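Here the structure comes first, spelled out in structure tokens, and everything after it is commentary.
Right, here's the structure in full:
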């Protein structure tokens, strides 16, 4: 087999290359090469006042800025020993609903569905199934509207701060979201049924699933770090079990457990670990699928996203109905030196932050562990699992198959560039 | 008549900020005209560009463009030119103006009734952190006049 170069992997965020080394008809090395260096953000933050951190880190990603804001405010509030009010927390949940809605609706319909339906892009999907794409855009739009109502704009919203919010949004602008949310919830239930009808490749992996778990709510911003292997750790102990290391071919660090294993974060992990905490409407939708959990097929994370969409629409409806802010929008900060960590579930998985601050509230140290860094070794391992089939395929088919698997993870390699080159090299 | 003027681009990518800057300067120079229409500065609107066009009779998009002409050259694409655009990318972040309008036309019949015009400013440097090139900077004054003339032709 001669070397193969493929110009572009579409519908993945970030710049990377895929290398497959083949010997005696077998894949002996697989590397997801990542060139993008977003981690310089941790350096930018040093010396900055803590209140700047949520809006700076939000710039790491255009699709999940809320995740960066929420993980950072949670960590910095822990460092200052601040308790936020239930009203502040409820509005944070609502804003997070908006982000999940935007991101999942985009990924399900625009990024992954074209693979499953064997069309080149969402533009082609629109040509054959215009109603599906029209509904998708409408479902996504309500997520944008939530972010705009709370944060002033739908991309890189502002308003979140350490201690709460700069101001409460007007009740009218929040209540106005309700009709579209109610429409979207019904659409999401249909989306779950539609997701079951899609043809998924056969692949089952014995994953270690890792997600935030909370006994009383679908884990997003508070709770413990649960693993399907039985580990249950408070956020303060996250770094005792989940470690990062630099690997030569990647500018994103790679995570592994202290035992050396790979693990999976994201919608499959959340659904498998937290399905008991789904909103009743989503729980019912899941029940009607008759799926046996845990789901172990990475391609079927699309189904998990569809169920989560139903959950987040239902939760957003409840939060909008109960929105009646009283009291101050944020706690007055009393600065002191300290250290704190926080985490939240970005649409593509667990996002951990840790900060040290001085007595003037200036950042002395920052650590950010994004979900895709945790999933990268797992993606490589999954590519290894399908490599025996890949090396026997025609170049074009092999590329599409590899791309599809990578896309199923919804990796957020970065927001800078958008391609992945596939190189299959024969070492014989 | 509902008219929207939309400045497009990225402030952190050199000449890609040209559309945003031109619309800002036009608002400053012609505040009375600007007050009669809706004005949006949209950094990377992606698919939400379609939301901005909803309920509009006419839209003037101002954006940096790639072309064989020298940097700073102004171009105008009318509704017919834009209708002939073919999408060139299917990437996650590749929802440029052409792709988005193409998708919109295939989904929403109302979009064909929105008279969309694009004022393009040819750019040459798009590196992260680069400022506007001198050629693009020099072209902004003329771009402002083009925006004003375009809006006035619709009022």
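Protein chains in written order, with this note's numbering: chain A, 227 to 654; chain B, 148 to 302.
Every residue gets a Cβ at the ideal spot worked out from N, C-alpha and C, and that includes glycine.
As the structure is a computational prediction, the values presented were derived from the model and not from experiment.
- Put simply, the stretch 328-344 of chain A does not touch the stretch 241-251 of chain A. Fewer than three CB pairs are less than 8 Å apart.
- Residues of chain A with a Cβ closer than 8 Å to the Cβ of residue 259 of chain B do not exist; the shortest Cβ-Cβ separation is about 14 Å.
- Judged by DSSP secondary structure, residue 158 of chain B falls outside any alpha helix (DSSP H); it is assigned neither H nor E.
- Inter-residue distance for residue 414 of chain A and residue 343 of chain A is about 19 Å (C-alpha atoms, whole angstroms).
- For residue 246 of chain B, the neighbours in chain A by C-beta distance under 7 Å run, in chain order, 349.
- The Cβ of residue 363 of chain A sits closer than 8 Å to at least one Cβ of chain B.
- Excluding its 5 nearest sequence neighbours in each direction, residue 579 of chain A has C-beta neighbours in its own chain below 6 Å: 297, 298, 301, 568 and 594, listed in chain order.
- Residues of chain B with a Cβ closer than 7 Å to the Cβ of residue 524 of chain A do not exist, since the nearest Cβ in that chain sits about 18 Å away.
- Among the CB atoms of chain A, one or more fall inside 8 Å of the CB of residue 195 of chain B.
- Annotation for residue 631 of chain A: 524, 608, 609 and 612 place their beta carbon closer than 7 Å to its own, counting only its chain and skipping 5 residues before and after.
- Ranked by how close their Cα comes to the Cα of residue 550 of chain A, the residues A/393, A/295 and A/313 have A/313 in first place.
- Against residue 253 of chain B, the close residues of chain A are 352, 353 and 356, in the order they occur along the chain (beta-carbon pairs closer than 7 Å).
- Ranked by Cα distance from residue 420 of chain A, the first of A/582, A/526 and A/603 is A/526.
- The Cβ neighbour count for residue 341 of chain A, taken over all protein chains shown within 10 Å, is at least 16; the residue is labelled buried.
- Under the 8 Å criterion on CB atoms, residue 213 of chain B is classed as non-interfacial with respect to chain A.
- For residue 581 of chain A, there is no enclosing alpha helix (DSSP H); the enclosing beta strand (DSSP E) has its first and last residue at 575-583.
- DSSP places residue 246 of chain B inside the alpha helix (DSSP H), whose first and last residues are 244-254.
- Just measuring C-alpha positions, the residue of B/263, B/168, B/259 and B/255 sitting nearest residue 211 of chain B is B/168.
- Under the DSSP assignment, residue 341 of chain A falls in the alpha helix (DSSP H) whose first and last residues are 339-342.
- Residue 199 of chain B sits away from residue 150 of chain B, with the two beta carbons spaced by 8 Å or more.
- Taking a Cβ-Cβ threshold of 9 Å, none of the residues of chain A is close to residue 204 of chain B; the smallest such distance is about 21 Å.
- Look at residue 586 of chain A here: in three-state DSSP terms it is coil, with no helix or strand label.
- The C-beta of residue 163 of chain B comes no closer than 8 Å to any C-beta of chain A.
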